[in-house]
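**Student:** Let me give you the structure first, and then I'll get to my questions.
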Amino acid sequence: MKQTFSVLPRLILLGGVSLSLLACQSSSQSSSSSSPSMPSSSSSQSQSSSRSMPSASSSSSSSPSSSGLPSSNSSASQSSSASSSGAQGDRSSDASSSAASQSSASSSSTSGSQGQAADSASQTAGAGPTAAPTSGSGASDSPGRDAGSQSRFPGQQSGADGSRDSATGDLNDGNQGSSSSGLGGASGDYSLDTLPDGVLSGAGGGQSAGVMTAAERAAVLDDRLRRGYETFDGFILSERERAQSESNAAGSVAIGGSAGGGGGSNEGQPQTLPESGVVVASQQVSTPPARTESFPPPEDIPSGRDDDVVARQLREAAMSEPDPELRERMWDEYRNYTGLSEPQ
Amino acid sequence: MKIKLKNLFGLILLASFAGACATHTVRSTNYTPIIQDTQNIPEDLLLDVGIALFDPGLDEIKRSEEETVNHEIRIAESRYAPYLLAETLQRSGNWGIVRLMPNDASPMDVLLKGTILQSNGEVMSIRVEVADASGKEWYTKDYEEEISRFSYDPSERQKNDPFQVIYNHIANDLLVYRQRNVSEADITRIRTISEMLFAKRFSPEAFSDYLTQNRRGNYQLLSLPAQSDPLLERIRDIRERDFMFIDTVQDYYATYVRQMRLPYDSWREQSYQETITLRELRNSARRRFIAGTAVVIGGLAAATNGGNYATQTGGAIGVGAGAYLIKSGFDKRAEAKIHMEALEELGQSLENEVAPRVINLEDRTITLTGSVEEQYSQWREILADLYTEDIGEL
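Residue numbers (our numbering), protein chains in the order written: chain A, 14 to 357; chain B, 8 to 401.
Take a look at the structure:
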């Protein structure tokens, strides 16, 4: 009996030690399990952080996306709104308030990831906030991104209607994942020209370069559109010039005002046909030689790189006008149109 | 018996007159100028007009004209005439931009379609159909103009196309219709519909819901996007480019018209003369056949039924005169055939001149349209992505 009593404390002690050991072990397990969860959370976080902190994304190769990034704060808040709304399954408009703090963004992002991938969500649920500070670890990024890329990219980018629908429908919940996953999945070497293809293909690459908000993506797309305009304008203007010179070469014998193109249309409003016809015809006759010459613009006229179509046409007309008086009037018109004449 | 003889001579005389007389058409040279709207219309209320390439009307060629109508020339005319009409409408100042449309892809506020029913240098006949962007048909009307030789006078040709009056009539009718039937509210609505149709062409997912079609197939506005809608602003930018494209095509047409003008006018002038001569010869031949036949029948009757020598002799003379008339009818027909062949030759000559130009025009237009469409399809994709982003932000 005594022996039992003497052994009991030992047993209790042993039990206590083993319990403490077990406790230690479980805590170490939880800590180790939290580390893989980081990536996903960190990936979602890295999205906002990459925008707010371009340096974080500096590891990725090209960051043309960063050029299109307007203001880091707003973009971060947008991403948070997207992710949170996606998690809830409906659109929460207030989430888009730019005043949303980064902490709220992080919390919403975790919920967003919950909505996407259960396992990663469960991992991030607890670890998200804590993971945020440690988001810098590159190793932890990739898994989370992969998961995101799978869920988001096909939906958004396949280009098919269905996928596009899912992209629009799931844009909010997918948004976070998409930006993290999509861009994570993207090679990172996409440029403004190749963005959609890069995103489409999902070719992996730079992590932070892919992290873009909807506004940023819109900016990039707008930029592509603008470039398309420039290409188109250049093409069309050169084609027009060629066509007009051919038209002039074809003969200056214009029938009662058969002046080509829109140029003739703006030149006054004729009253009756025969006279006007002659007038327009004579104008047409006089213009051909002028087309070939080019007169430099006055000093106060800027390069005109940002000119729209009308301004460009005005500029072209002024530069090709041989009559100095008329040319100056055209430049005045150009100044008025482009706002140069207004007091700064 | 005296009466019978008198009747016979009367018949021969009448037939001779009928066979000899030729028609002389008096043509007025009244010139109808373009009417200009007395009101100064704000730019916002000017309707843009698109003119489709005319239907050459090959299916509507009359049997009597089949031999003289050259199909290639008619096709060439179907590109020439609408350009002149567009110029006329533009110069009237009653409309916004007026353009000859290379295809029907770009919606315009008002669309005018035409079919050439007849064109031979002497007469030009065009059927015109007008509708607005909503699909509402304004009117369909046939125009015909028969011109005088004066229209081919060099001084007149320098000023106007010989058939300028027909274009003036079309332009004036269009103005009258607009003044009487289209209110300012209608104009605003039509302009909006054409803009929405264009927007729908580029971003159907974003703009389809603004329009609906009623039972007649006419478009109606359901709602409107905000004026500051960024997607709409982009669409407007693109539309501006589309107008640039159409303007470029106008330059193609201008070149074509200038290249075609001299040979075409020359052909029309000669065709004018030949057509008139041909018609007169044909008519004369027909008359001679009829008169000759009548005289032969009368002469035969007199010769066989005549009671005395004089009547029988008169009848025989009548038969001879009738036979002569019929023969002269054949001569006239042969002469007409020569003129018809001359017309065919003229047509062939012009065809050789203009057909390559038509092909060249078509080639260039199609090539440019293809390049432009390629760019447009890229823009469509970008707009679709932008729309997706916009929706995502909501």
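Beta carbons are placed, not taken as given, at the ideal position from N, Cα and C, and that holds for glycine. Since we're looking at a predicted model, the values are computed, not measured.
Report the residue from B:A323, B:N225, B:Y184 and B:D160 whose alpha carbon sits nearest the alpha carbon of B:K148.
**Tutor:** That would be B:Y184, whose Cα lies nearest to the Cα of B:K148.
**Student:** Hey, quick one: how far does the beta strand (DSSP E) through B:G121 stretch, first residue to last?
**Tutor:** Looking at the DSSP string, the run of the beta strand (DSSP E) that includes B:G121 is V117 to S126.
**Student:** When burial is assigned at 16 or more other CB atoms within 10 Å of the CB, is B:T75 buried or exposed?
**Tutor:** Looking at its Cβ environment, which holds 16 or more other Cβ atoms inside 10 Å, B:T75 is buried.
**Student:** Using the three-state DSSP reduction, which class does B:Q234 fall into: helix, strand or coil?
**Tutor:** Here B:Q234 sits in coil by DSSP.
**Student:** Suppose you measure from the CA of B:V379 to the CA of B:T372; what does that come to, to the nearest Å?
**Tutor:** For B:V379 and B:T372, the distance between alpha carbons rounds to 10 Å.
**Student:** Which residues in the same chain have their Cβ closer than 7 Å to the Cβ of B:E358, if we skip the five residues on either side of it in sequence?
**Tutor:** Taken in chain order, the residues that qualify are N77, E79 and I80.
**Student:** Going by Cα to Cα distance, which pick from A:D235, A:D236 and A:D320 is closest to A:D246?
**Tutor:** Residue A:D320 is the option with its Cα nearest to A:D246.
**Student:** Which partner residues does B:E408 have in the DSSP bridge list?
**Tutor:** Absent from the model: residue 408 of chain B. The displayed extent of chain B is 8 to 401, so no value can be given.
**Student:** Can you tell me which of A:D345, A:G241 and A:L234 puts its alpha carbon nearest to the alpha carbon of A:R328?
**Tutor:** Selected option, being the one with the closest Cα: A:D345.
**Student:** With distances taken Cα to Cα, identify the nearest neighbour of B:Y331 among B:G322, B:V302, B:Q257 and B:T320.
**Tutor:** Among B:G322, B:V302, B:Q257 and B:T320, the Cα nearest to that of B:Y331 is on B:V302.
**Student:** Where do the ends of the beta strand (DSSP E) carrying B:A59 lie?
**Tutor:** Looking at the DSSP string, the run of the beta strand (DSSP E) that includes B:A59 is V56 to A59.
**Student:** Residues in the stretch 245-268 of chain B with C-beta within 7 Å of chain A's C-beta atoms, listed in sequence order?
**Tutor:** Listed by position, the residues of the stretch 245-268 of chain B near chain A (Cβ gap below 7 Å) are E247, R248, M251, F252, D254, T255, Q257, D258, Y259, A261, T262, V264, R265, Q266 and R268.
**Student:** May I ask you to list the residues that DSSP assigns as paired with B:V105?
**Tutor:** According to DSSP, which records beta bridges pairwise, B:V105 is partnered with B:V56.
**Student:** For B:R241, which residues in chain A fall below 7 Å Cβ to Cβ?
**Tutor:** Those within 7 Å of B:R241 in chain A are L238.
**Student:** If you draw a straight line from the C-alpha of B:A167 to the C-alpha of B:F157, how long is it?
**Tutor:** The residue you asked about is not Ala; residue 167 of chain B is Asn in the sequence shown. Between B:N167 and B:F157, the C-alpha separation is close to 12 Å.
**Student:** Does the structure place the stretch 204-216 of chain B close enough to the stretch 172-191 of chain B that three or more beta carbon pairs sit under 8 Å?
**Tutor:** Touching, no.
**Student:** On the DSSP bridge list, what partners appear for B:Q220?
**Tutor:** According to DSSP, which records beta bridges pairwise, B:Q220 is partnered with B:Y226.
**Student:** Along chain B, which residues have their Cβ under 7 Å away from the Cβ of A:G256?
**Tutor:** For the sequence presented, residue 256 of chain A should be read as Ala rather than Gly. Simply T255, D258, Y259 and T262.
**Student:** Could you check whether the Cβ of B:E396 sits closer than 9 Å to any Cβ belonging to chain A?
**Tutor:** Output row for B:E396: interface = yes.
**Student:** Quick check on DSSP: helix, strand or coil for A:V224?
**Tutor:** In this structure, A:V224 counts as coil in the three-state DSSP scheme.
**Student:** Using a beta-carbon distance below 9 Å, is A:T9 in contact with chain B?
**Tutor:** Outside the modelled stretch of chain A, which goes from 14 to 357, sits residue 9 of chain A, for which no answer is possible.
**Student:** Work out the CA separation of B:P232 and B:T199 for me, nearest whole Å.
**Tutor:** Approximately 10 Å between the Cα atoms of the pair.
**Student:** Leaving out five residues on either side along the sequence, give the residues of the same chain with a beta carbon under 7 Å from the beta carbon of B:G336.
**Tutor:** Correct list, in chain order: A292, R295, F296 and G299.
**Student:** Out of B:I194, B:G314, B:D66 and B:L368, point me to the one whose CA is closest to A:A260's CA.
**Tutor:** Note on residue identity: the sequence assigns Ser, not Ala, to residue 260 of chain A. For A:S260, the nearest C-alpha among the options comes from B:L368.
**Student:** From B:Y217 to B:I58, what does the alpha carbon distance come to, in whole angstroms?
**Tutor:** When rounded, the distance between both Cα atoms is 26 Å.
**Student:** Measure from the C-beta of A:T351 to each C-beta in chain B and report whether the shortest distance is under 9 Å.
**Tutor:** No, because no Cβ of chain B sits closer than 9 Å to the Cβ of A:T351.
**Student:** If I measure Cβ to Cβ from A:E334 and keep anything under 8 Å in the same chain, skipping five residues before and after, which residues do I get?
**Tutor:** A303, F308, R340 and M343.
**Student:** Quick check: the Cα distance between B:E151 and B:E240, rounded to an integer number of angstroms?
**Tutor:** Spanning the two alpha carbons is a distance of roughly 44 Å.
**Student:** Rounded to whole angstroms, what's the CA-CA distance from A:S271 to A:V224? Just pull it up for me.
**Tutor:** Bear in mind that a pLDDT of 39 at A:S271, under 50, signals an unreliable position, so the number given afterwards is only what the model happens to contain. Going from the Cα of A:S271 to the Cα of A:V224 covers about 56 Å.
**Student:** Measure the C-alpha to C-alpha separation of B:A309 and B:G321 and round it to an integer number of angstroms.
**Tutor:** Straight-line Cα distance between these residues: approximately 7 Å.
**Student:** Check whether the stretch 253-263 of chain B and the stretch 101-110 of chain B are in contact - that is, three or more C-beta pairs closer than 8 Å.
**Tutor:** Touching, yes, given that three or more Cβ pairs across the two stretches are closer than 8 Å.
**Student:** Given this structure, state the Cα-to-Cα distance separating B:I194 from B:I345, to the nearest angstrom.
**Tutor:** Their Cα atoms are separated by approximately 55 Å.
**Student:** With distance defined between alpha-carbon atoms, name the residue in B:E129, B:L96 and B:V105 nearest to B:L285.
**Tutor:** Closest option to B:L285, Cα to Cα, is B:E129.
**Student:** Ignore the nearest five residues each way along the sequence and tell me which others in B:A323's own chain have a CB closer than 7 Å to its CB.
**Tutor:** Answer for B:A323: G306 and A310, listed in chain order.
**Student:** In this structure, does DSSP put B:Q280 in helix, strand or coil?
**Tutor:** Helix at B:Q280.
**Student:** What whole-angstrom Cβ distance do B:L238 and B:L96 have, given they're in contact under 8 Å?
**Tutor:** About 32 Å; that fails the 8 Å criterion.
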